[in-house]
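If you read the sequences in order, they're chains B and S.
For the first sequence, the residue numbers in this note's numbering are 65 to 439.
For the second sequence, the residue numbers in this note's numbering are 1325 to 1824.
We put the CB at the ideal spot given by N, CA and C, even for glycine.
Fair warning: this is a prediction, and the values are worked out from it, not measured in the lab.
These notes concern the structure reproduced below.
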Amino acid sequence: MITSLLHDDMKSFQDLAHNFASKELAHRREESDRYPFGLFDDTVLAKAHELGFLGITLPEDMGGIGQGVRALCVILECICRTDASLAAIIFTNTLAQEILLKAGAVDLLRQVTVSNNPKDILISFPSYSNPEEHKNLPFATKGDMGYSLSGSIDYVVLAPIASQALIPARITGQDGYSLFLVDLRSPKVKKGESLFSLGVHACPVADITLNGAEARLVGQEGKGPAFFEETANMMYVAAAAVSLGIMKGSFDYALTYSNEREQGGWPIINWSEMKMILADMAIQMNIAEMAVSEACNAIEKKVAGWDVCAKTTALHVQNVACLVTTDGIQILGGYGYMKDYGQEKRFRDAAQNKALLGMAPLRKMDLIDQINSMR
Amino acid sequence: MIPNSEVQSIMKRFPKFEDSFIGLEYAPRLPKGIIRETKELIAYARKFNDEVVRPKALLLDKKTHEDPDYLPYDLMQTASEWGFYTMWVPKLFGGRGKNLPSLSPVVEEISSACVGIANVLAVHYLGLTSLMTSFNMKVTNRILKEVVEGERKGKPCLIAFAITEPIAGTDVEDNDLVDKGRVTCRAERVNGGYVINGRKVFISMGQVSEWTFVFAYTDLKKPSQNRVDFVVRTGTKGFSVGRHENKMGQRVCPANELIFEDCFIPDDQVLIDAYTIKKFTDKPLGEVMQRHMDYISSSSKAGVCAIGVGVARGAFEDALKFASETEVRGRLLINHEWAQCILAEMHKNVTLGRLAYMEANHANSHRGIYELLQMKPMYYYLKFMPSLYFRMLNPMLNTGLTTWAMSKMYYDMKKTEDVDCTSGLSSLAKFAGTDIGVRNCQLAMDLMGQAGLRHDRGMEKRLRDAKLLQIYEGSNQINRIASFKGLIAPVYPQTRVFEQ
């Protein structure tokens, strides 16, 4: 198996994430996927926090472990082989933290990350969309005491458990949107019930209604799209790493199963059509790994067009993960469709992850516009 | 242009005209009354969707997550009140006698609203088809009378279909594979019947059906030549329900393990075995049994294609509605050219999928299992003769003469090339239609983005439901091979299938 994502210095993160996933996630996977959703075991979050997974890219003086995008990808990929829900939590929290950093809102971020309680340091964000896709964002009003937000916003990831939310909102009379940090414990914030979603059931999501809720501006007014885009450009590769991990989990299980399950008198891996399906899965998975690794290289070295590389990788890997996990069920036949085996969960999680950071067709159009403008 | 003899000669080459344009060949023989009847049934299904399926689909799906052991008795009751469990039972057996090919568009219609609920209705017809195509008219008559009586009394009497075993899924569907597999459901011949031991898994509606159609084998080392097809009543001593499977989708339609422990099946519940076939054919049991399986699957696979088309249509309609209501980047999504292309692609998938199951059903009507019932004189005779007349005729079904005649016609006299063609086309339809189902759900998810992920929008449920279609009624991989075997392999005699 190709391990191009792994530089030598990443091995320790891989081992750390692998051991964590084996000990803390594997035996909880089925239970945490069960209805009612959105109830991740507190001990998992506490352990993840202890290992630094809730602040992978956060500077050490802010309570993080100060790593770059490659470490983030290695950890997400390793965790997703077992269960993508925690990866979705880490992804959303990292995305929100990075936006705050990009916006220069270091003090705000420091106030959030100072706590030792993992739920207190989580920042929720509508990470399955680009705020520009929303026609009706909440609106912000500036008063003597600062800003207040009113309106509603859908599908805010981590809202049911996080204490803070990074909310995009429009300021009357201005184009674009601005970003605000809102305390979700405020009585002026109404959180809906945890939503029933397709996948990553242990990463809770809720709709939010704001009724003049106090909000702190992140960065400058009207600069929301710039902060989001700049951060998303880096986080695309992390979204791809999530899909890569899901794919790897699906392939590993399918390969093991195909050596054990017999049909027609021998293990199904001996049927050439099964070999073809498994080979296609392996090809997609290995190419995805190379793409993620190259995107990490490009980001780390800030080579020209690194953002195009990251966007392209995400669009490709998020898509093929849906195809690979579909085959991952198919190899197991009826058993693959049952909740006992994990393959159906990977299929759902891959489809869920495809929507990270916004609608794929819109991202494709942005990509070609960007490539065209670079000529 | 060219002489008729030359036309005939040329058109016997692969691909043969009669295999490639079955709908065209069948058109002059199609009873016109079927068109109106089918239209009325689709309208009836749409009304059922409006009044029952759409209001319940998401609520019931959520309920099955809250209570994984939920069983759809209420839904069965409602479906029974609407007459769905006798709608396609021939009048000769006391049913409503609608034309059997029309089941497919009705299933498409209901699947466009909810695949799980569609299967609460349709799985019964898989059991019913397996029963009827055994052509054991006496047993069929007895059970279908119970089905009709069940509807009259408000106690639905359904038939399930159980062939899959824990370590033999694909293997049990084809005689070329079953001897290489590891079937374990054993039938031991005893005085007056068989004693059955073994397990069946993933049996849709197994727990809630009154009767279950089952395959078992008198010799597990050579099952292809030693199969016994029988029916068992729920509650029979030695027959019990095991685990309720926890599926990703289609959750309102339960799937269960069924367990046989020294379960005695009397001879009057045996449909086909080595003894019964001697009355009408000299052919080996394995050949007869393969044909029985081909008849069942020719009908059921067209139906599963229709389910795939239904879910594809539901996804298309959801995406279309979303696009028409949602503004993205200053314009309604439906006015973005790229979105229009995705919607056109989805619509194309639905249209082509529908043609696939219609063509498979034309083949079944013209050269397959529906041939007798779809002949114009027979169709109109059955349609217009009063029920009283059929009640008078009904005792004839118990004489053995009808069993002999029907078995002779379908098992002894039917041409192999007709069975190959109908079986191959239905397999083609099955994998085409169900791949389309999954594909359209994925396209709709792309179009809807974040909104598609929410249960309350319905789209994510469709994706979960659709995936199972690529697995049951033979995985799509096995259906590709079955399609190759029926439609392509006969062209070259040196071709071998399942002999890797």
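Query                                                                                                                             : Result
Neighbourhood of G1610 of chain S by C-beta distance below 6 Å, restricted to the same chain and skipping five residues each side : N1499, S1548 and Q1549
Cβ pair G1632 of chain S, G1757 of chain S closer than 8 Å                                                                        : yes
Backbone CA spacing between R1763 of chain S and C1629 of chain S [nearest angstrom]                                              : 13 Å
C-alpha distance - T1522 of chain S paired with C1509 of chain S, whole-angstrom precision                                        : Checking the displayed sequence, the identity of residue 1522 of chain S turns out to be Gly instead of Thr. Cα to Cα, G1522 of chain S sits roughly 4 Å from C1509 of chain S.
is_contact[Q1794 of chain S, chain B] using C-beta, thresh 8 Å                                                                    : yes
Supposed contact pair V356 of chain B and C137 of chain B - C-beta distance, whole angstroms, cut 8 Å                             : 6 Å
Within 8 Å, strictly: CB atoms of A1668 of chain S and L1771 of chain S                                                           : no
Distance, Y401 of chain B Cα to I66 of chain B Cα                                                                                 : In this predicted model, I66 of chain B has a pLDDT of only 45, less than 50, meaning its place in the structure is not dependable; the value taken from the coordinates is given anyway. Straight-line Cα distance between these residues: approximately 29 Å.
CB contact check: M1769 of chain S to chain B, cutoff 8 Å                                                                         : yes
Residues of the region 411–429 of chain B with Cβ closer than 9 Å to any Cβ of chain S, in chain order                            : F411, R412, A415, Q416, K418, A419, G422, M423, A424, P425, L426, K428 and M429
Within-8 Å CB hit, M311 of chain B to chain S                                                                                     : no
Near-chain S residues of the region 290–317 of chain B - C-beta to any C-beta below 9 Å                                           : none
Simplified DSSP assignment, three categories, for L201 of chain B                                                                 : coil
Per-residue contacts from T1488 of chain S into chain B (C-beta, under 8 Å)                                                       : G398
Buried/exposed call for G1884 of chain S, threshold 16 Cβ in 10 Å                                                                 : Since the first residue shown for chain S is 1325 and the last is 1824, residue 1884 of chain S is missing from the structure and cannot be characterised.
G1357 of chain S, DSSP secondary structure in three states                                                                        : helix
E1475 of chain S versus W1412 of chain S: straight-line alpha-carbon distance, rounded                                            : 13 Å
Buried versus exposed call for K1545 of chain S [16 or more other C-beta atoms within 10 Å across all chains shown]               : exposed
Extent of the continuous beta strand (DSSP E) to which T1536 of chain S belongs                                                   : W1535 to Y1541
Inter-residue spacing [alpha-carbon to alpha-carbon] between L150 of chain B and Y1816 of chain S                                 : 55 Å
Own chain residues within Cβ distance below 8 Å of P1379 of chain S, not counting five before or after                            : none
Contact the region 192–206 of chain B vs the region 216–233 of chain B: 3+ CB pairs below 8 Å                                     : yes
Closer than 7 Å at the beta carbon, the chain B residues around R1523 of chain S                                                  : Result: empty, since nearest Cβ-Cβ is about 14 Å, beyond 7 Å.
Proximal chain B residues relative to H1779 of chain S, where beta-carbon distance stays under 9 Å                                : L259, F260, S261 and L262
The region 298–317 of chain B contacting the region 387–399 of chain B, beta-carbon criterion three pairs below 8 Å               : yes
Contact list for K287 of chain B against chain S, beta-carbon separation under 9 Å                                                : Correct list: empty, because the minimum Cβ distance to chain S is about 19 Å.
When B:K183, B:Y99, B:P268 and B:G283 are compared against R249 of chain B, the one with the closest alpha-carbon                 : B:K183
Sufficient close CB pairs (3 or more, under 8 Å) joining the region 1639–1653 of chain S to the region 1440–1449 of chain S       : no
Local conformation of M338 of chain B per DSSP, three classes                                                                     : helix
Beta carbon proximity, Y241 of chain B to chain S, threshold 8 Å                                                                  : no
Cβ of T1758 of chain S within 8 Å of any chain B Cβ                                                                               : no
Contacts of T1494 of chain S in chain B (Cβ-Cβ under 9 Å)                                                                         : Q327, G328, I332 and G397
Test: D345 of chain B CB closer than 8 Å to a CB of chain S                                                                       : Just to set this straight, residue 345 of chain B is Met in the shown sequence, not Asp. No, M345 of chain B lies away from the interface with chain S (no Cβ there is under 8 Å from its Cβ).
Distance between beta carbons of R412 of chain B and L262 of chain B, contact taken as under 8 Å                                  : 5 Å
Chain B contact for N1550 of chain S (CB, 8 Å cutoff)                                                                             : no
CB contact flag (S96 of chain B, A266 of chain B, <8 Å)                                                                           : yes
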